[in-house]
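First the structure, in the form of structure tokens, and then the observations on it.
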Amino acid sequence: MPPERVCRFVVFLLLLCCTGRTHGKSVAQPEVQVRVKVFDSGNLSPLPDATVVVHGNRSVLASSQGASGDAAVVNFQYRMGTWVIITASRKDYVTSSVPWHASKVPLFSSVSLYLLAQRPGTLILYDDVIHVFHGSPGGRSQPWLHIPRRSLQLNSSFSEMTAVLTTARDISEINDFPYLLALEPNTTGGENSWTDLTVVAAVSAQLFDREGSEVQVIEPVHFSVPLPSDSRVRSPTSIPVWVYDVNTGLWVRNGTGYIRRDGSHFTWDFMASRLGYWIAAFPSSSGPGLSHPSLRDITAYHTLILLSILGSLALLVLVLLCVLLYYC
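In mature numbering (1 follows the signal peptide of the UniProt record, and there is no 0), the protein residues as written are -24 to -1, 1 to 304.
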């Protein structure tokens, strides 16, 4: 084959590869619409003005605010077969979420979420610590937390603070917390995955100033939480602790807690890096969450595809160069 023809053949193949890649990128993902209805989990009454967020690829895909007396509608770009997390939140309620996916473009989709009302906590201010609890001070089988006074970032008076402290009193109330799906890093250097969690206890704690803004803490907080009344735990043990990440809609591992015997009851003790949603849970031993391969980290999935394409192109260029060298 003459060198001129070989060169033209090489240029043609390279242009063909580039055209194929450009065409693949031009295919837009379909947009789906989901109608989200939010209810009070106690009396099942509708909750207007709830905020709905759709999480996917460890980022926010869409958000919407429900109108008064109506459901929230969210529209977002969706890749068929993958999972997203739909989250609903409202002031004075525990945030709740649910996974969602579709194998083809739906004509209509509706999701219902039920929110658990937050429970006010009793607050006592000491010289060095803020004590938040339920029931009477020093009462047994009651949740409490100790916050170092110096750790508060507060713009108003301490006397104007309010607190909420909500725990799962039985296993059914654990389901009212954000969906029990966690991001578990791969320690061997592979891709991260989503994994289901087997939860033993759950707690939500927040402080508010007089304007209703959340007060942040900059030092660890000591929690003591009684296990649900129908817990199956029968002996003291250590247990992984997870914190809810509002940016991804997933639970993230954050230390270790301890289950201790307190008379005839068991109590979960741990140090938290901040206030918010916390659970004591063991990762599922059955593999990726929901037993679905699409729950693996989508970013790593796209990286593998890109590396495969680049590797194929590099191999093609190498073969063509060898052909050129042979004929030239």
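We put the CB at the ideal spot given by N, CA and C, even for glycine.
Using the Cβ count rule (16 or more neighbours within 10 Å means buried), how would you classify residue i?
i, result
"Gly114", "exposed"
"Arg66", "buried"
"Ile100", "exposed"
"Gly233", "buried"
"Tyr302", "exposed"
"Ala26", "buried"
"Val191", "buried"
"Tyr253", "buried"
"Thr174", "exposed"
"His31", "buried"
"Glu136", "exposed"
"Phe84", "exposed"
"Val193", "buried"
"Tyr54", "buried"
"Asp152", "buried"
"Asp103", "exposed"
"Gly225", "buried"
"Glu160", "buried"
"Pro216", "buried"
"Val10", "buried"
"Leu23", "buried"
"Gly42", "buried"
"Ser189", "exposed"
"Thr275", "Since pLDDT at Thr275 reaches only 39, below the 50 mark, its modelled position is unreliable, and the value read off the structure follows with that caveat. By the 10 Å Cβ count, Thr275 comes out exposed."
"Pro154", "buried"
"Phe258", "exposed"
"Gly287", "exposed"
"Phe134", "exposed"
"Leu283", "exposed"
"residue 306", "Since the first and last residues shown for the chain are -24 and 304, residue 306 lies out of range."
"Gly111", "exposed"
"Leu291", "exposed"
"Asp46", "exposed"
"Leu97", "Checking the sequence, you will find Gly at residue 97 rather than Leu. Buried, by the Cβ-count rule."
"Ser21", "exposed"
"Val140", "buried"
"Leu251", "buried"
"Leu156", "buried"
"Ser240", "exposed"
Got a sec, what are the start and stop residues for the beta strand (DSSP E) residue i sits in?
i, result
"Tyr69", "Tyr69 -> no beta strand (DSSP E), and no H or E assigned at all."
"Gln53", "Ala48 to Gln53"
"Asp16", "Glu7 to Asp16"
"Asn230", "Leu226 to Asp238"
Looking at the strands, I want to know which residues DSSP matches up with residue i.
i, result
"Ala248", "Val197"
"Ile61", "His31 and Pro75"
"Pro216", "Thr232"
"Val295", "For Val295, which the question treats as bridged, DSSP gives no partner whatsoever."
"Tyr253", "Ser180"
"Asp221", "Leu226"
"Pro22", "Phe15"
"Ser40", "Val28"
*Enumerate, from N- to C-terminal direction, the unbroken beta strand (DSSP E) stretches of 3 or more residues contained entirely within the stretch 72 to 155.*
72 to 76, 86 to 91, 98 to 101, 105 to 109, 120 to 124 and 138 to 143
_Going residue by residue through the stretch 154 to 209, where are the continuous beta strand (DSSP E) segments of at least 3 residues, counting only ones entirely within it?_
157 to 160, 169 to 184 and 197 to 202
*the stretch 195 to 203 touching the stretch 111 to 126, judged by at least three CB pairs closer than 8 Å*: yes
_Segment contact flag, the stretch 90 to 106 with the stretch 51 to 69, C-beta cutoff 8 Å, min 3 pairs_ = yes
*Using 8 Å as the threshold, is the stretch 204 to 212 in touch with the stretch 135 to 149, meaning 3 or more CB pairs across them?*
yes
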